[in-house]
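In the working numbering, the protein residues as written are 68 to 172.
Beta carbons: idealized from backbone N, C-alpha and C, even for Gly.
Before any comments, here is the structure.
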């Protein structure tokens, strides 16, 4: 990653993500219980979008996972089995991270 403006943008996006997480935590004190998992899903979606937006290469698995998160967060809020959905998404992310070169050792 280059220095300068891109680093400033990363810092700004991370600060905005921190603001989202803190305000979400505050909101959870008064919101329905089911909002918590959805806010975590949205935070994961935002992190993967930041990663991609700043030029880190995405594997096909991460691209598909991010698309699934987009579908959940941007689609109709139908009755969902959040436990099943979260289990599936966690398994998919773990598999993507186990791919050679996905993370440094």
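- [ ] Can you say whether residue 132 is buried or exposed, counting buried as having 16 or more other CB atoms within 10 angstroms of its CB?
- [x] buried
Task: Coarse secondary structure for residue 104, derived from DSSP in three states - done: helix
Open item on the list: Buried or exposed, going by whether 16 or more other CB atoms sit within 10 Å of the CB of residue 96?
Closed with: exposed
Open item on the list: Between the alpha carbons of residue 104 and residue 149, how many angstroms are there, rounded?
Closed with: 7 Å
Task: Three-state secondary structure assigned by DSSP to residue 156 - done: helix
Task: Distance between residue 110 and residue 78 (C-alpha atoms, nearest Å) - done: 16 Å
Open item on the list: Is the separation between the beta-carbon of residue 126 and that of residue 166 shorter than 7 Å?
Closed with: yes
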